[in-house]
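The block underneath contains the structure these notes are about, expressed in structure tokens.
Chains as they are written, first to last, in the working numbering: chain A, 1 to 81; chain B, 1001 to 1134.
Next comes the structure, spelled out in structure tokens:
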């Protein structure tokens, strides 16, 4: 585990989390949540939890984002906050 | 110096607390239901980050697979400092699956809500419900 890379990824993760709850568009929120999940699984790979990381990459980031984008097209993209 | 090392050395845990509070804030304070679900997802991922951080070890520990050099190194095949703790990994594997299924059910409820009220804002839905009651 390289600590400089670790801190960099942790900072980008926090930025992605804040951005995904503040953007005024649900589709952007879904895509930022997907980026957040992929960065999180990079972090877990660095910590040696490869099984958790590839489950998160396949299911948490891939399928969740696909579901969310599919749901957004059946709903509205508009949000007030 | 000792306390500074403690604070800096555990940076994963500080970021986990920050992420957890971001998710909690989104669940409580956001008006849009989709944003609340995003907050729930962030909250759950933060908890998984905490558990994986407890499992990690410094000093070249790897995943629990016995290699030939491990056997050659000593008489005992399995020594704990050579391996990461696999128990939190397995627990969090289950938690990820639960997270995704919760997310899917929440999205289904959200779509039904939109079909009925044509909006995802909490206050607008509350206003419609109040109007229907009167």
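For every residue, glycine included, the Cβ atom is placed at its ideal position computed from N, Cα and C.
Residue i to residue j, Cα distance in whole Å?
i                       : j                       : result
residue 1134 of chain B : residue 1026 of chain B : 31 angstroms
residue 1055 of chain B : residue 1084 of chain B : 6 angstroms
residue 44 of chain A   : residue 1052 of chain B : 7 angstroms
residue 1038 of chain B : residue 1118 of chain B : 20 angstroms
residue 1036 of chain B : residue 1028 of chain B : 7 angstroms
residue 1082 of chain B : residue 1088 of chain B : 16 angstroms
residue 32 of chain A   : residue 1068 of chain B : 43 angstroms
residue 1046 of chain B : residue 1020 of chain B : 5 angstroms
residue 1063 of chain B : residue 15 of chain A   : 30 angstroms
So which residues on chain A does residue i lean against when the C-beta distance must stay under 7 angstroms?
i                       : result
residue 1104 of chain B : 67
residue 1093 of chain B : 51, 52, 55
residue 1111 of chain B : 71, 74, 75
Return the bridge partner residues of residue i from the DSSP annotation.
i                       : result
residue 1032 of chain B : B/1121
residue 78 of chain A   : A/25
residue 1083 of chain B : B/1062
Starting from the C-beta of residue i, find all residues in its chain whose C-beta is less than 6 angstroms away, skip the five residues before and the five after it, and write them out in chain order.
i                       : result
residue 68 of chain A   : 30
residue 1128 of chain B : 1117
By Cβ distance below 8 angstroms, which residues in the same chain neighbour residue i in space, the five residues on each side in sequence not counted?
i                       : result
residue 2 of chain A    : 46
residue 1130 of chain B : none
residue 1013 of chain B : 1050, 1053
Name the chain A residues whose beta carbon is nearer than 8 angstroms to that of residue i?
i                       : result
residue 1100 of chain B : 59, 60, 63, 64
residue 1097 of chain B : 55, 59
residue 1114 of chain B : 74, 75, 76
Can you name the residues of chain B whose CB is closer than 9 angstroms to the CB of residue i?
i                     : result
residue 34 of chain A : Neighbours of residue 34 of chain A on chain B: none; closest Cβ ~10 angstroms, over 9 angstroms.
Name, please, each residue of chain B whose Cβ falls closer than 8 angstroms to the Cβ of residue i.
i                     : result
residue 10 of chain A : 1011, 1012, 1015
residue 19 of chain A : Going along chain B, no residue has its Cβ under 8 angstroms from residue 19 of chain A, so there is no contact; the nearest lies around 10 angstroms.
Using a C-beta to C-beta distance shorter than 9 angstroms, which residues of chain A count as neighbours of residue i?
i                       : result
residue 1061 of chain B : 48
Might you give, ordered along the chain, the residues of its own chain that have their beta carbon closer than 7 angstroms to the beta carbon of residue i, omitting 5 neighbours on each side?
i                       : result
residue 12 of chain A   : 39
residue 1059 of chain B : 1081
Residues of the stretch 1024 to 1050 of chain B with a CB closer than 8 angstroms to any CB of chain A: list them in chain order, please. 1025, 1026, 1030, 1031, 1032, 1034, 1035, 1038, 1039, 1041, 1042, 1045, 1048, 1049
Of all the residues that make up the stretch 51 to 80 of chain A, which are near chain B by a beta-carbon distance shorter than 7 angstroms? 51, 52, 55, 56, 59, 60, 63, 64, 67, 68, 71, 74, 75, 76, 79, 80
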